[in-house]
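Presented below is the structure to which this report refers.
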Amino acid sequence: MYCPCLQCPLIVTALFLIAAIIFLISTIVLAVILEYRSRNPNKSDPISNIISSVSDVVNPTETPPILWPKPSGSLYGRFKRAAIATDNGMCSEIGRDVLLLGGNVIDATIAALICTGVVNPQSSGLGGGFMMTIFNSTTGRCVTVNARETAPQSANQSMLEDSSSDFLTGYSSVLFYRCY
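In my numbering, the protein residues as written are 140 to 319.
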């Protein structure tokens, strides 16, 4: 519906000022009413009961005890068949299910990484980095794969041959972690 009177900037400005004044007055009236009711509580008034219960929470008379969650059975987990950890429980379950269905560790990692890329796209996905700890039960060794960072495009293996100690400390150690 077209209204020609709304084309005049003076009329639009006046309407806006009237609306702003009404809003300001109603806010002041509401603040005065709430302040009055909080100073003169009436127990039969439900609004006063809400205000007094909120003020009790904001200004408690005594400090409530901290209730810590109950600890789990063990901080050291022992898993009989499979275990995988991601930043989302659903993705951990997908990776575990891939292992239980006969997939290998790489299959489970890729499945969990794709899931994480879907549920948490801002921090993971295909082409992103990862950390993996692999335990070889035949040798009893644990290997950690750190694929979080990438080297610059012009980096090559000969950079490490001259002085590998340069890459153990300082700014170079960020990209070449344990490459010596």
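Cβ coordinates follow ideal geometry from the N, Cα and C atoms, glycine included. Quantities reported herein were computed from a predicted structural model and do not represent experimental measurements.
Item                                                                                             : Value
Whole-Å CB distance - PHE218 paired with THR248, under 8 Å assumed                               : That belief does not hold up - the Cβ atoms of PHE218 and THR248 are roughly 16 Å apart, past 8 Å.
Spatial distance of VAL83 from LEU163 (CA atoms)                                                 : The structure shown does not extend to residue 83, since the chain is modelled only from 140 through 319, so no value can be given for it.
Beta-carbon proximity check, VAL258 vs ASN227, cutoff 8 Å                                        : yes
Reduced DSSP secondary structure (H/G/I, E/B, other) of THR255                                   : helix
Segment limits, alpha helix (DSSP H) that includes ARG349                                        : Outside the displayed span of the chain (140 to 319) sits residue 349, for which this structure offers no information.
CA-to-CA distance, SER231 to ARG317, given in whole angstroms                                    : Since pLDDT at ARG317 reaches only 46, below the 50 mark, its modelled position is unreliable, and no value is offered.
Selection from GLY242, ALA221, GLY241, ALA250 that minimises the alpha carbon distance to ILE233 : ALA250
For GLU300, the three-state DSSP class (helix, strand or coil)                                   : helix
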